[in-house]
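Shown next, in C-alpha cells, is the structure this report addresses.
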Amino acid sequence: MSAVPGHSTLMDTTLQGERLAKRRARIVRERVIELVLFLAALVSVFTTVGIVYILVKESVVFFTEVPILKFLTDTQWTPLFDDAHFGIVVLLSGTLTSSAVALLIAIPLGTVIAIYLSEFARFRVREVAKPFLELLGGVPTIVYGYFALLFVTPLLQRIYPELPGFNLLSAGIVMGIMIIPYVSSISEDAMRAVPMSLREGSYAMGATRFQTAVKVVVPAAFSGIASAYILGISRAVGETMILAVAAGMQPNLTFNPLEPAATITAYIVQVALGDLPHGSIGYQTIFAAGLTLMLFTLACNIAGHMLRKTFREAY
Amino acid sequence: MAAAAPVANHAELRALIGQHKRWDAIFAVCGLLALMVGVLTFAALFVDMALDGFGRLSWDFFTSYPSRRPGQAGILSAWVGSTLVMVVTAFFAVPLGVAAGVYLEEYASKNWVTDVIEINITNLAGVPSIVYGLLALGLFVYQFGFGQSILSAGLTLALLILPVVIVATREAIRSIPQSIREGSYALGATQWQTVRYHILPYSSAGILTGVIIGMARAIGETAPIITIGALTFIAFLPPSPITSQPPFVSFEWLMSPFTVMPIQMFNWTSRPEAAFHANAAAAGFVLVIMTLAMNGLAIWLRYRLRRNIKW
C-alpha cells in the first residue's frame, strides 16, 4: 500500500481535475443556453424597434417633402395625382366612422354576452358558447370581407335601396361582429376573477342576479372590461381586409357610414397592390399612414393603461 | 289601520321582487339573443359561402392555376404558396417563441430588462397586422434584399404570431407545479436538463395548442402579405424543394414569388364578375374549413388536457 502512495494521490488529482473540467464545461453550457434563450426573448423587442425604426425612417423623408401641418389640416388626399394633396384627415374619417359603427355593435353585444356567460348561463351553455365564440374570432378577415360585400350589403340594400355597393356601414357591422369575441372573452375573464364572496354578500342582501351583475360584479371588474374595450378599439382601427373589400378604396372625407370611404389601412393595401417604385413619394405615404395608425393604437393602449390604473380594485 | 299598512307593504314588496325578478329573466333572454347574433352570423356566412362556392369545388379547382376564365380558374398556386409560407413561419416562430417563453418563465430574474420584454410582448399583440407588413416591406424586402418572396412572407407571419406562441408557452409552463422542478434539481439535474427532460415534455401539449392557434391565424392573414407586395396572379409553382441532382435539396423556392389562399380570394372578390365571386366563395370555403379545423383541433386538445392532467 505504502509502496505507491504518490500513485494514488496522482490518480485522485487527475480524477478531480477531470471532474472540475466537466463541471466547468457544464456551467459554460448552461450559460450559453441561457444566453441563447435570452436572445430569443429579445427578438420581440427587436421587432418593436424595427417597426418604429422603419416607420420613422420613411416618414421623416416624407415629412421633409410634405410639411406636418399640411398633413394634418389638408382636406384632400390625392397623393398619386399631379396636384398632390396629403390630408390624413380624409383617411382618418373613414377609419373613425367604420370603427364607431363596429364598436356600437361589439361593445354592447360583447358586454351582454360576457355578463350572461359569467353570471347567468349554466355550465353546459358556457362550455359550448366559449369555444364557439373563439371559432368566430378565428375566421379569416378576408372571409368576413367577402361576407360584408356580397351578403350584408345586398341585405341592407333591400331595407335602404339607395345604399351604394361599397359603404362603411356594412363593413362596420361585420367588423363589429368579428370583434365581439375579443370583447366578450376578456370581459368575461375579468368578471369571473371577481371573488365569490362579493356576489354572496350581494345575494345575502337580497339582490337579484341582474342587480348583482350590474351593481357589484361589473364595477368590480371594470378595469378588465375597460381593457377589453381598448383591445376592441385597436382591432377596429387596425382592421384592413373587411374595409378594403367592402368599403371601397375611394378617399372621402365623411362621417356618414352610408357612404363609401377609404380608411388608413385600405389605402396602404391599395398602394401595395399597385406597382409603386421604392423610394417614391407614394411609397413613403404608406409609411406615414402606418405611423399615424401606430400612434393611434399606442394612444389607445396608454389610455387603457391609465383606465386600468384608475379603476383597479384589489381584494 | 295599523294592521293594514304592513299588508299593503307586503303586497308592494312582492310586486317589487317580482319586478326585479322579471329583469333577471329579461336579461337572460337578452344574453341568449346576443349569443344568437354571433351564431346566426356565422351560420349565414358559412351557408352563403357554401351555396355560392359549392358548384366550383371539384378536384380541378385544387389542381388548376388561376385563369382569366373563371370556370377554369383554380387555387393550385395559392394552396402550394400557403403551405410553403406556413412551413417557413413555423420554422421560425416555433423555436423562437418556445425559447422566449422558456426564458421568461424559467430563467428571467425580476429586473427591468424582463419588464421591458414582457410589456413589449403585450403591446406587440395589439399592433395591427398591416403594420407588420410595413415592417417587412421596409426591412425584409428592401433592407435585407429578400424581395417579394416566400421567405419574406414567412418571416413576417412568424413575427406576427410570435406573441401567441410565447404566451401559450408561458401559460403551459406556469401550470407545471414547482415540486416537479424541485424533484429534478434534487436528483442533481442542471437547469437546462430540468427544462429539457421535464418542463418541455410536460408543457408540449399546451404549447402545441398555442402553435396551432397561431398558425390558424397566420394562414388567414391577408393584409401584411399584400403589403410586402405578393402578386395576385401567379400561374406557376415555386421551384421544387427536392431536385434530381445532388444534393437533392434546393432552397430556391424560398426566394420565389408566390401567392397565398387569402390573396387569391381577395383578388377574386374584388372583381366585378359574379362568376369570379363563385371562385372566391369556394376558396373562402376551403379557407374557413382549414382554420376551423385547426382551431377546433386546438380547442379539443385543450379540453383533453384540462381533463387528463392531474398533478
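Heads up: the sequence lines are chains A and B, in that order.
1497 is the number of the first residue of the first sequence in the working numbering; add one for each residue after it.
230 is the number of the first residue of the second sequence in the working numbering; add one for each residue after it.
Every residue, glycine too, gets a C-beta built ideally from N, C-alpha and C.
All of these numbers come straight from a predicted model, not from anything done at the bench.
Measuring only between beta-carbons, confirm whether residue i sits less than 9 Å from chain A.
i	result
residue 340 (chain B)	no
residue 244 (chain B)	no
residue 253 (chain B)	yes
residue 350 (chain B)	yes
residue 437 (chain B)	no
residue 405 (chain B)	no
residue 421 (chain B)	yes
residue 395 (chain B)	yes
residue 523 (chain B)	yes
residue 428 (chain B)	no
residue 495 (chain B)	yes
residue 463 (chain B)	no
Nearest chain B C-beta to residue i closer than 9 Å, yes or no?
i	result
residue 1498 (chain A)	Confidence in residue 1498 (chain A) is poor, its pLDDT being 46 and thus under 50, which makes the residue's placement too unreliable to answer from.
residue 1805 (chain A)	no
residue 1588 (chain A)	no
residue 1755 (chain A)	no
residue 1546 (chain A)	yes
residue 1536 (chain A)	yes
residue 1562 (chain A)	no
residue 1713 (chain A)	no
residue 1608 (chain A)	yes
residue 1576 (chain A)	no
residue 1677 (chain A)	yes
residue 1654 (chain A)	no
residue 1682 (chain A)	no
residue 1543 (chain A)	yes
residue 1761 (chain A)	yes
residue 1765 (chain A)	yes
residue 1693 (chain A)	no
residue 1502 (chain A)	Annotation note: pLDDT 49 at residue 1502 (chain A) (below 50); position unreliable, no value reported.
residue 1617 (chain A)	yes
Could you tell me whether the Cβ atoms of residue i and residue j are closer together than 9 Å?
i	j	result
residue 370 (chain B)	residue 454 (chain B)	no
residue 1659 (chain A)	residue 1652 (chain A)	yes
residue 363 (chain B)	residue 1550 (chain A)	yes
residue 452 (chain B)	residue 1637 (chain A)	yes
residue 1602 (chain A)	residue 1721 (chain A)	no
residue 310 (chain B)	residue 487 (chain B)	yes
residue 510 (chain B)	residue 299 (chain B)	no
residue 1756 (chain A)	residue 1746 (chain A)	yes
residue 450 (chain B)	residue 389 (chain B)	yes
residue 334 (chain B)	residue 243 (chain B)	no
residue 1558 (chain A)	residue 1761 (chain A)	no
residue 1597 (chain A)	residue 1667 (chain A)	yes
residue 1543 (chain A)	residue 391 (chain B)	yes
residue 1684 (chain A)	residue 1758 (chain A)	no
residue 1734 (chain A)	residue 356 (chain B)	yes
Quick one: which chain A residues come within Cβ less than 9 Å of residue i?
i	result
residue 303 (chain B)	Here the premise fails: no neighbours, minimum Cβ distance about 18 Å.
residue 295 (chain B)	Within chain A, no residue comes near residue 295 (chain B); the closest Cβ sits about 16 Å away, beyond 9 Å.
residue 319 (chain B)	Going along chain A, no residue has its Cβ under 9 Å from residue 319 (chain B), so there is no contact; the nearest lies around 15 Å.
Find the nearest neighbour of residue i within the set the options, judged by alpha-carbon distance.
i	options	result
residue 1786 (chain A)	B:344, B:281, B:360	B:360
residue 1743 (chain A)	A:1595, A:1611, A:1781, A:1728	A:1595
residue 1807 (chain A)	A:1613, A:1769, A:1760, A:1717	A:1717
residue 432 (chain B)	B:409, B:287, B:319, B:466	B:409
residue 520 (chain B)	A:1634, A:1754, A:1728	A:1634
residue 1588 (chain A)	A:1547, A:1732, A:1515, A:1692	A:1732
residue 485 (chain B)	B:535, B:437, B:377	B:377
residue 345 (chain B)	A:1539, A:1706, A:1583	A:1539
residue 1712 (chain A)	A:1730, A:1688, A:1727	A:1688
residue 1625 (chain A)	B:516, B:262, B:500	B:262
residue 1706 (chain A)	A:1669, A:1608, A:1521, A:1568	A:1608
residue 1737 (chain A)	A:1643, A:1778, A:1629, A:1582	A:1643
Just the chain A side, please: which residues come within less than 7 Å of residue i by C-beta, in chain order?
i	result
residue 499 (chain B)	1741
residue 458 (chain B)	1768
Could you work out which residues of chain B lie near residue i, taking near to mean beta carbons separated by less than 7 Å?
i	result
residue 1782 (chain A)	363
Name the chain A residues that come within less than 8 Å of residue i, Cβ to Cβ?
i	result
residue 331 (chain B)	1533
residue 358 (chain B)	1734, 1736
residue 392 (chain B)	1540
Under 9 Å between beta-carbons, which chain B residues line up against residue i? List them in chain order, please.
i	result
residue 1773 (chain A)	Result: empty, since nearest Cβ-Cβ is about 11 Å, beyond 9 Å.
residue 1572 (chain A)	In chain order: nothing, as chain B lies at least about 23 Å away.
residue 1559 (chain A)	The premise fails here: residue 1559 (chain A) is roughly 16 Å from chain B at the closest Cβ pair, so nothing lies under 9 Å.
Could you work out which residues of chain B lie near residue i, taking near to mean beta carbons separated by less than 8 Å?
i	result
residue 1554 (chain A)	367
Cβ-based contacts, 8 Å cut-off: residues of the stretch 1510-1533 of chain A near chain B | 1522, 1525, 1526, 1529, 1530, 1532, 1533
For the stretch 259-288 of chain B, which residues have a CB atom closer than 8 Å to at least one CB atom of chain A, in sequence order?
-> 259, 260, 261, 263, 264, 266, 267, 268, 270, 271, 273, 274, 277, 278, 281
Residues of the stretch 1625-1637 of chain A with Cβ closer than 8 Å to any Cβ of chain B, in chain order | 1625, 1627, 1628, 1629, 1630, 1631, 1632, 1634, 1635, 1636, 1637
Mind listing which residues of the stretch 1783-1797 of chain A have their C-beta closer than 7 Å to chain B's C-betas, in chain order?
-> 1783, 1786, 1789, 1790, 1793, 1797
Contact residues within the stretch 498-517 of chain B, judged by C-beta distance below 8 Å to chain A | 498, 499, 506, 509, 510, 513, 516, 517
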